[in-house]
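Structure, as structure tokens:
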Amino acid sequence: MASENPTASEYIQHHLQNLTFGQHPDGTWGIAHGAAEAADMGFWAIHLDTMGFSIALGLLFIWLFRKAAKKASAETPSGLQNFVELMVEFVDGSVKETFHGKSKVVAPLALTIFVWVFLMNLMDLIPVDFLPTLASLAGIPYFKVVPTTDMNATLGMAFSVFFLIVFYSIKVKGISGFIGELTLQPFGKWMIPFNLLLEGVGLIAKPISLALRLFGNLYAGELIFILIAILPFWVQWALSVPWAIFHILVIVLQAFIFMMLTIVYLSMAHEDH
Amino acid sequence: MNLNLTLIGQAISFAFFVWFCMKYVWPPVIAALEERSAKIADGLEAANRASRDLELAQEKATHTLRESKEQAAEIIEQANKRANQIIDEAKEQALADGQRLRDAANSEIEQDVVRAKEALRAQVSQLALIGAEKILGASVDEKAHSELVEKLAQEL
Chain E
50 MASENPTASE YIQHHLQNLT FGQHPDGTWG IAHGAAEAAD MGFWAIHLDT MGFSIALGLL
110 FIWLFRKAAK KASAETPSGL QNFVELMVEF VDGSVKETFH GKSKVVAPLA LTIFVWVFLM
170 NLMDLIPVDF LPTLASLAGI PYFKVVPTTD MNATLGMAFS VFFLIVFYSI KVKGISGFIG
230 ELTLQPFGKW MIPFNLLLEG VGLIAKPISL ALRLFGNLYA GELIFILIAI LPFWVQWALS
290 VPWAIFHILV IVLQAFIFMM LTIVYLSMAH EDH
Chain A
345 MNLNLTLIGQ AISFAFFVWF CMKYVWPPVI AALEERSAKI ADGLEAANRA SRDLELAQEK
405 ATHTLRESKE QAAEIIEQAN KRANQIIDEA KEQALADGQR LRDAANSEIE QDVVRAKEAL
465 RAQVSQLALI GAEKILGASV DEKAHSELVE KLAQEL
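Chains E and A are the protein sequences, given in the same order.
Final position of the first sequence in the working numbering is 322; the numbers increase by one with none missing.
Final position of the second sequence in the working numbering is 500; the numbers increase by one with none missing.
Below, the structure written as structure tokens:
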């Protein structure tokens with residue numbers, strides 16, 4: 050906690066502040082104390098909590114799935130293998146339904162997105178004060194446990210997807226084809242500036258909407274958990290339990306939407322008009 | 345809400361996880377799944393084939409059974425026929441044998457009769473001679489009367 054008896058707004062702000070590591074304006078490197086200091090650090094700073102949790106969860110994902118993949122055989126599966134196969138089949142089915150091009154990347158990409166985003170969203174269900182309190186006991190002033198409530202995390206993934214969209218568009222249609230797609234639709238060559246504006250916005254909107262949708266949903270969910278946590282402890286359960294149950298749906302759904310939209314975007318990038 | 349290096353860090357770790365998943369997670373699991381579905385398909389096909397085979401075998405078995413029943417009936421019929429034939433042959437043989445035996449016996453009897461008649465005739469001629477001698481009191485010249493006696497004996 051920032052102070053001994055924080056007001057409600059201090060409490061909320063504290064919970065929404067990432068553990069930022071960067072260069073202070075005076076030239077020293079260190080952890081930012083408070084939102085203003087973090088903002089002063091500019092672009093060359095990093096959210097240690099977001100990176101830490103997302104990498105840890107990503108490693109958990111690849112460790113679990115690698116473990117099952119190593120044991121994978123055509124024999125009767127059991128336990129972990131069952132679960133992993135279920136996920137793989139589910140993602141594989143979704144990809145095959147939507148994506149008709151040939152690519153070795155799309156299906157594993159979709160699986161990684163789904164599981165990783167789901168795991169990061171899942172952190173939302175840990176009571177909001179558990180980990181930050183433990184962290185503050187360990188001397189860490191700020192601790193935001195849900196990486197997907199940090200726009201850097203969702204935008205980082207969305208930009209990666211955007212990069213893949215552009216990459217595959219150019220790979221499948223060639224540079225001229227890609228530029229043609231951006232400029233010659235929908236109104237023919239006499240309206241090139243207008244077309245470019247329209248298609249350009251459409252293209253840029255893909256990663257932005259992808260990132261903001263996930264971020265917005267999870268940020269709002271987290272905020273509501275924080276608001277509930279301000280209430281007296283004896284009524285919290287009455288609100289946090291229904292909200293958490295509802296949130297189980299939200300976190301799966303958001304992970305699924307992120308995955309599905311990625312597949313759809315990449316499928317569109319593969320289609321020749 | 346600051347955009348900062350976290351964005352790039354996140355993109356890098358995302359790329360790493362995707363790469364790892366693509367390289368080490370996806371292929372073995374998909375391979376296992378495909379292998380299993382192929383195995384299941386094979387199993388189902390084998391089951392179908394087995395039931396078809398069973399049907400064929402049953403058909404064949406009924407066919408063979410019917411055939412062998414027919415054969416058995418034929419064999420029995422032939423055996424009966426042959427038995428009747430053998431019996432008939434035996435009967436004929438027995439009749440023929442009996443006839444032959446009877447004929448032989450008859451001819452033997454006839455011969456015996458002839459032989460007995462001859463003997464009797466000789467004895468009768470002798471007796472006649474003796475009787476005549478006695479009656480005539482004199483010896484009859486056998487040589488002179490033998491012709492007469494022969495004639496007599498022949499008439500007997």
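By construction, the Cβ of each residue, glycine as well, lies at the ideal position given by its N, Cα and C atoms.
(request) With DSSP collapsed to three states, give me the class of histidine 96 of chain E. (result) In the three-state reduction of the DSSP assignment, histidine 96 of chain E falls in the strand class, which pools E and B.
(request) Go ahead and label tryptophan 370 of chain A buried or exposed: buried means 16 or more other beta carbons lie within 10 angstroms of its beta carbon, across all protein chains shown. (result) Residue burial annotation: tryptophan 370 of chain A is buried, with at least 16 other C-beta atoms found within 10 angstroms of its C-beta.
(message) With a threshold of 8 Å between beta carbons, is lysine 255 of chain E in contact with chain A?
(response) By this cut-off, lysine 255 of chain E is not an interface position.
(request) Take phenylalanine 295 of chain E as the anchor and find which of E/Val144, E/Ser218 and E/Phe274 has the nearest alpha-carbon. (result) Put simply, of E/Val144, E/Ser218 and E/Phe274 the residue whose alpha carbon is nearest the alpha carbon of phenylalanine 295 of chain E is E/Phe274.
(message) To be precise: take each residue of the stretch 383 to 406 of chain A, compare its Cβ to all Cβ atoms of chain C, and keep it if any distance is under 8 Å. Which residues remain?
(response) Looking at the structure shown, chain C is missing, and the protein chains on hand are E and A.
(request) With a cut-off of 8 Å on the beta carbons, I'd call serine 218 of chain E and phenylalanine 227 of chain E a contact; round off their distance for me. (result) Serine 218 of chain E to phenylalanine 227 of chain E, Cβ: 5 Å. Contact.
(message) Less than 6 Å between C-beta atoms, sequence neighbours within five positions excluded: which residues of the same chain meet that for leucine 204 of chain E?
(response) Same-chain partners within the cutoff: Ala260.
(message) Is the beta carbon of valine 221 of chain E closer than 8 Å to that of alanine 84 of chain E?
(response) For the 8 Å CB-CB criterion, alanine 84 of chain E and valine 221 of chain E do not form a contact.
(request) Can you pull the chain A residues whose beta carbon is under 8 Å from the beta carbon of histidine 96 of chain E, in chain order? (result) At a beta-carbon threshold of 8 Å, the residues of chain A lying near histidine 96 of chain E are Asn348 and Thr350, ordered along the chain.
(message) Taking the beta carbon of glycine 353 of chain A as the centre, do at least 16 other beta carbons fall within 10 Å, making it buried, or is it exposed?
(response) It counts as buried.
(request) On the DSSP bridge assignment, give the partners of phenylalanine 70 of chain E in chain order. (result) Beta-bridge pairing by DSSP links phenylalanine 70 of chain E to E/Ile80 and E/Ile95.
(message) Is the separation between the beta-carbon of alanine 207 of chain E and that of proline 157 of chain E shorter than 8 Å?
(response) Going by beta carbons, alanine 207 of chain E and proline 157 of chain E fall outside the 8 Å limit.
(message) For aspartate 456 of chain A, report the span of its alpha helix (DSSP H) as first-last.
(response) Note, aspartate 456 of chain A: alpha helix (DSSP H), 370 to 480.
(message) 8 Å is my cut-off, CB to CB: does phenylalanine 148 of chain E come that close to chain A?
(response) So, not an interface residue.
(message) DSSP three-state label for histidine 149 of chain E, please.
(response) In the displayed model, histidine 149 of chain E falls within coil according to three-state DSSP, outside both helix and strand.
(message) Measuring straight from C-alpha to C-alpha, what distance separates alanine 184 of chain E and threonine 198 of chain E?
(response) Going from the Cα of alanine 184 of chain E to the Cα of threonine 198 of chain E covers about 18 Å.
(request) Starting from arginine 262 of chain E, find everything on chain A with Cβ-Cβ shorter than 9 Å and list it in chain order. (result) Listed along chain A, no residue sits closer than 9 Å to arginine 262 of chain E by beta-carbon distance, the nearest being about 16 Å off.
(message) Once DSSP output is grouped into helix, strand and coil, what is the label at asparagine 346 of chain A?
(response) If DSSP states are grouped into helix, strand and coil, asparagine 346 of chain A belongs with coil.
(request) In the DSSP assignment, find the unbroken alpha helix (DSSP H) run with leucine 233 of chain E in it and report its ends. (result) From DSSP, leucine 233 of chain E is part of no alpha helix (DSSP H); its letter is neither H nor E.
(request) Below 6 Å CB to CB, which residues in the same chain sit around glutamine 285 of chain E once its five sequence neighbours on both sides are set aside? (result) The answer, listed in chain order, is Ile277.
(request) Please check the pair threonine 69 of chain E and methionine 100 of chain E, which I expect to be a contact at CB under 8 Å, by giving their CB distance rounded to whole angstroms. (result) The pair is not a contact, with the Cβ atoms about 11 Å apart (cut-off 8 Å).
(message) Give me, in chain order, the residues of the same chain whose beta-carbon lies closer than 7 Å to that of glycine 107 of chain E; leave out the 5 immediate sequence neighbours on both sides.
(response) Answer for glycine 107 of chain E: Trp165, listed in chain order.
(request) Report the neighbours of serine 103 of chain E on chain A: residues whose CB is nearer than 7 Å to its CB, in chain order. (result) By Cβ distance, chain A contributes Gln354 and Ser357.
(message) For a quick check, are the C-beta atoms of alanine 187 of chain E and serine 103 of chain E less than 8 Å apart?
(response) Taking 8 Å as the Cβ cut-off, alanine 187 of chain E and serine 103 of chain E do not qualify as a contacting pair.
(message) Measuring only the C-alpha atoms, how far is proline 126 of chain E from proline 372 of chain A?
(response) The C-alpha of proline 126 of chain E lies about 13 Å from the C-alpha of proline 372 of chain A.
(request) Determine, using beta carbons only, whether methionine 50 of chain E comes closer than 8 Å to chain A. (result) Because methionine 50 of chain E carries a pLDDT of 40, less than 50, the predicted location of this residue cannot be relied on, and the following value inherits that uncertainty. Chain A contact via Cβ: absent.
(request) Could you tell me which uninterrupted alpha helix (DSSP H) segments, each at least 4 residues in length, are contained entirely in the stretch 239 to 320 of chain E, listed from first to last along the chain? (result) Counting only unbroken stretches of 4 or more residues, the alpha helix (DSSP H) elements lying wholly within the stretch 239 to 320 of chain E are 241 to 279 and 282 to 319, in sequence order.
(message) Any beta carbon of chain A sitting closer than 8 Å to that of aspartate 40 of chain E?
(response) The question about residue 40 of chain E has no answer here: the residues shown for chain E are numbered 50 through 322.
(request) Evaluate contact between the stretch 372 to 387 of chain A and the stretch 114 to 133 of chain E, counting only Cβ atoms and requiring at least three cross-stretch pairs below 8 Å. (result) Segment contact: the stretch 372 to 387 of chain A against the stretch 114 to 133 of chain E, three or more CB-CB distances shorter than 8 Å; contact assigned.
(request) Return no unless some Cβ of chain A is closer than 8 Å to the Cβ of serine 152 of chain E. (result) It does not; no Cβ of chain A falls within 8 Å.
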